[in-house]
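Using the numbering used here, you'd call the opening residue of the sequence shown number 2 and step up by one each time. Every residue gets a Cβ at the ideal spot worked out from N, C-alpha and C, and that includes glycine. Small disclaimer: the values here were computed from a predicted structure and weren't measured.
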Amino acid sequence: MTMRVMEKVEMILKLGYVCDHCLGRQFAQLLEGYSNDERGRLLRKVFLMSADAQRKIDIDRANITEQFHSETLKKTIKPSKKHAKCIVCGGLFENLDKWIGKIRKALGGIEFDTFLIGTKLNADLIGREEWLWEKVGIDYCEPIKAEINREIGKRIEKELGKKADLKSPDVNIIINFSTGRVKVEKNPLFIYGEYQKLRRGIPQTIWPSGKYKTSVQQIIAKPVMSATRGEWHKFHGAGREDIDARCLGWRPFVLEITEPKKRHIDLDTLEKKINKSKSVRVRHLRFSSIDEVRQLKSAKPVKTYAALVKTNKDITRKDLKKLNNLVGEIRQWTPLRVSHRRSNRCRKRKVLSLKVRYINKRTFLLTVRTEAGTYIKELISGDSGRTKPSVAEILGVQCVCKQLDVTKIDKIK
Numbered sequence: 002m003t004m005r006v007m008e009k010v011e012m013i014l015k016l017g018y019v020c021d022h023c024l025g026r027q028f029a030q031l032l033e034g035y036s037n038d039e040r041g042r043l044l045r046k047v048f049l050m051s052a053d054a055q056r057k058i059d060i061d062r063a064n065i066t067e068q069f070h071s072e073t074l075k076k077t078i079k080p081s082k083k084h085a086k087c088i089v090c091g092g093l094f095e096n097l098d099k100w101i102g103k104i105r106k107a108l109g110g111i112e113f114d115t116f117l118i119g120t121k122l123n124a125d126l127i128g129r130e131e132w133l134w135e136k137v138g139i140d141y142c143e144p145i146k147a148e149i150n151r152e153i154g155k156r157i158e159k160e161l162g163k164k165a166d167l168k169s170p171d172v173n174i175i176i177n178f179s180t181g182r183v184k185v186e187k188n189p190l191f192i193y194g195e196y197q198k199l200r201r202g203i204p205q206t207i208w209p210s211g212k213y214k215t216s217v218q219q220i221i222a223k224p225v226m227s228a229t230r231g232e233w234h235k236f237h238g239a240g241r242e243d244i245d246a247r248c249l250g251w252r253p254f255v256l257e258i259t260e261p262k263k264r265h266i267d268l269d270t271l272e273k274k275i276n277k278s279k280s281v282r283v284r285h286l287r288f289s290s291i292d293e294v295r296q297l298k299s300a301k302p303v304k305t306y307a308a309l310v311k312t313n314k315d316i317t318r319k320d321l322k323k324l325n326n327l328v329g330e331i332r333q334w335t336p337l338r339v340s341h342r343r344s345n346r347c348r349k350r351k352v353l354s355l356k357v358r359y360i361n362k363r364t365f366l367l368t369v370r371t372e373a374g375t376y377i378k379e380l381i382s383g384d385s386g387r388t389k390p391s392v393a394e395i396l397g398v399q400c401v402c403k404q405l406d407v408t409k410i411d412k413i414k
């Protein structure tokens, strides 16, 4: 294998000047623990040592600089006095300082702790690398793009004190070698919390038509946007309450801030600012991730509701005891009130428990604990027979939910 490696080294160095990075990269899968330039320098030394011993060498003399030239080797080949450009990278690795300077400028004013380097290579560079592979093979090599990304990443880590993160970086640094430009993509900032909606008539998220002046999303996002100087915000809630319902239980959410310039923000201060609102309160703010957003959207926590129910006929306390028969499985077709935006299908849900408090002969308070996704208003009214069984069906009277509160949301497991 040693002879095969040295034969390949000689083949490469015959083609023209090849820098240590590009020489070592052709053997990247050998001699673990060395960088490509270290590996290339070592291979060059070993090859020249062998050539010096044999006093026979047939490579491009640009590959022999004064630092490698011995007295005996001078008798075989004269060193090159001119500095040549690498026939593979074109001197790219010698000019990394230029790109580091551009990256520093592009990152100006952006707070971040982690990053990921991405590169767009020009066609000439890709072509030269593929030409070399056609000449000497690809047995032990790695692509030049991988080394460029790694070497620039090492410089950023060392000089800026930041960490490379392949999975979830704060910023993506994109270097375009064709245009000479560096672009910084600021990845979203995710903030987890739990909210209460204390007033009725407020939607959870921004209403497209502008019918509602504010929303839970806007109330929470306003101070966060000011602190992060982000471009926009998205709201991810663990379910949502009706606009005319309060949410007195704490509903988990994740606020996503796009293109944030500031990431080092004081969440305790933000919590206090948000809680000055008389409509919404938050707690447990902390930094989050896209993975938690996915978990939140797929979660199905059990919820408890308190509903003030009105009937069209008189009822007694004895009548209300019949509602214990509601505990168990129910079937709900898509409610008529949302049929314009949701497909018509039958959903099986469970009523886990309920309590009833008699108020007067046509009013009572229903406290019900159900599986996620249960339509409570329709559970009460029956929705013209689309929900069975229902409170109205069991009592034999028309029932309407006049006020609805979400009183508890079980913790997401």
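In the three-state reduction of the DSSP assignment, Leu97 falls in the helix class. Within the same chain, Val89 come within 6 Å of Leu133 by CB-CB distance, once the 5 residues on both sides are set aside.
Listed as beta-bridge partners of Cys248 by DSSP are Lys198 and Val407.
Under the DSSP assignment, Gly329 falls in the beta strand (DSSP E) whose first and last residues are Gly329 to Trp334. Considered as a whole, the segment 269 to 351 harbours 281 to 288, 304 to 312 and 329 to 334 as its complete beta strand (DSSP E) runs of no fewer than 3 residues, in chain order.
Look at Lys136 here: in three-state DSSP terms it is helix.
Under the three-state reduction of DSSP output, Gly238 falls in the strand class. Residue pairing for Trp233: DSSP places it in a beta bridge opposite Thr259. Contact between the segment 247 to 259 and the segment 163 to 182 is absent: fewer than 3 CB-CB pairs across the two stretches fall below 8 Å. Judged by DSSP in its simplified three-state form, Pro253 adopts strand.
Distance between Gln205 and Ser278, taken at the CA atoms: about 15 Å. Listed in chain order, the non-local C-beta contacts of Phe288 below 8 Å within the same chain comprise Leu190, Phe191, Ile192, Tyr193 and Leu268, local neighbours out to five positions each way being set aside. Within the same chain, Cβ atoms closer than 7 Å to the Cβ of Tyr359 are found at Arg318, Leu321 and Phe365, the five residues on either side in sequence being excluded. For a cut-off of 8 Å, the C-beta gap from Glu232 to Thr259 is around 5 Å, short enough to register as a contact. Considering only Ala124, His22, Lys103 and Asp114, the residue with the shortest C-alpha distance to Ala147 is His22. Secondary-structure assignment with DSSP links Asn173 through a beta bridge to Leu117 and Glu186.
Around the Cβ of Asp114, a 10 Å sphere holds fewer than 16 other Cβ atoms; the residue is exposed. For Val369, the uninterrupted beta strand (DSSP E) segment begins and ends at Thr364 to Thr371. Taking C-alpha positions only, Gln219 is separated from Leu309 by approximately 29 Å. Linking Gln296 to Lys412 through their CA atoms gives a straight-line distance of about 13 Å. In this structure, the CA atom of Glu160 is about 15 Å from the CA atom of Ile118.
Using a 10 angstroms sphere on the CB of Gly238, the tally of other CB atoms reaches 16 or more, which defines it as buried. When C-beta atoms of the segment 383 to 393 are compared with those of the segment 211 to 230, fewer than three pairs fall below 8 Å, so the two segments do not count as touching.
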